[in-house]
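Q: Per UniProt numbering, residue 1 is the first one in the sequence shown, and the count goes up by one each step.
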Amino acid sequence: MISRIFEGFAETILEVTFALIPLLIFFLVFQFIFLKLTRKKLFRIFIGIALSFIGLTLFLQGVHVGFFPAGELMGEKLGELNYNWVVIPVGFLLGFVATFAEPAVRILNTQVEKVSSGYISERMMLYTLSIGVACSIALSMFRILSGFPLWYVIIPGYLLVMILMFFSTNTFIAIAFDSGGVATGPMTVTFILAIAVGIASVIEGRDPLMDGFGMIALVALAPILSVLILGLIFERKRAESN
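1. Using DSSP with H/G/I as helix, E/B as strand and the rest coil, what is F30?
2. What is the DSSP secondary structure of G212, reduced to helix, strand or coil?
3. Please report the straight-line C-alpha distance between R236 and P22, rounded to a whole angstrom.
4. Starting from the Cα of M141, find the closest Cα among I233, S117 and I88 and give me that residue.
5. According to the Cβ coordinates, are V115 and A176 closer than 8 Å?
6. Count the other CB atoms, across all protein chains shown, that sit within 10 Å of the CB of P223; report buried if there are 16 or more and exposed otherwise.
7. How many whole angstroms separate the CB atoms of A217 and I154, which I take to be in contact at a CB cut-off of 8 Å?
8. So, using beta-carbon positions, are S130 and F96 closer together than 8 Å?
9. When DSSP labels each residue in this structure, what does A101 get in the three-state scheme?
10. Hey, quick one: how far does the alpha helix (DSSP H) through R206 stretch, first residue to last?
11. Which residue marks the beginning of the alpha helix (DSSP H) containing T169, and which one marks its end?
As structure tokens, this is what we get:
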């Protein structure tokens, strides 16, 4: 049992090592040329790097042996139900929870609140992104059930983004596009994508390659739209207060 859990663990260690080495080299170059941090600060940084290495390794191994198989099995069981429309509300719930727990989203929201001096609160950003991603995943599940092409949503969605940009401030435009990137983090990609592929694999007339994928594109689009709309609300309230 233990051997199966750690199957391929050596390859995972190598992947994380090769990912972190360039960052470590980059930091060391800056340390010797510009930063010149004290030994105490260096010790804390290296401890943090070591913890990141351990955490990333265990997380990726957990993805291989846990998230992917569990997600695909859940998707297959949901897709086989006679009332498989239930995948739409389930997708909404999973999208909300996954975004709520996404570390990258938390970091972005903290930085937004810090830089804006509390004008854009962390909690407001968190709920805005979570609801946006939840809606996009629910739409993705509906697309799998109905089978309509992805570009039916992507093209109008980005056209709407370009229209909203003309009415938004530069601050919210910048935050919106960064939000689209951080929302497509490991929680969404590893677990919910596996569920989508599992659903598409058992529904008659659906191709897992054609219908199971494309969800991440919608997930990247949804936070952009939701943050731009949030910016319009902020601007309207500011105009009313003046």
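All residues carry an ideal CB built from backbone N, CA and C; glycine is no exception.
A: The answer reads as follows:
1. Helix, per DSSP.
2. Collapsing the DSSP output to three states places G212 in a helix.
3. Distance between the alpha carbons of R236 and P22 is about 45 Å.
4. Looking at the Cα atoms, I88 is the closest of the given residues.
5. The answer is no: Cβ separation not under 8 Å.
6. In the assembly as shown, P223 is a buried residue. Its beta-carbon has 16 or more other beta-carbons within 10 Å.
7. Between I154 and A217 the Cβ distance is about 6 Å, and since that is below 8 Å, they are a contact.
8. It is a contact, given that the beta carbons lie within the stated cut-off.
9. Coil, per DSSP.
10. R206 -> no alpha helix (DSSP H), and no H or E assigned at all.
11. No alpha helix (DSSP H) contains T169, which DSSP labels as neither H nor E.
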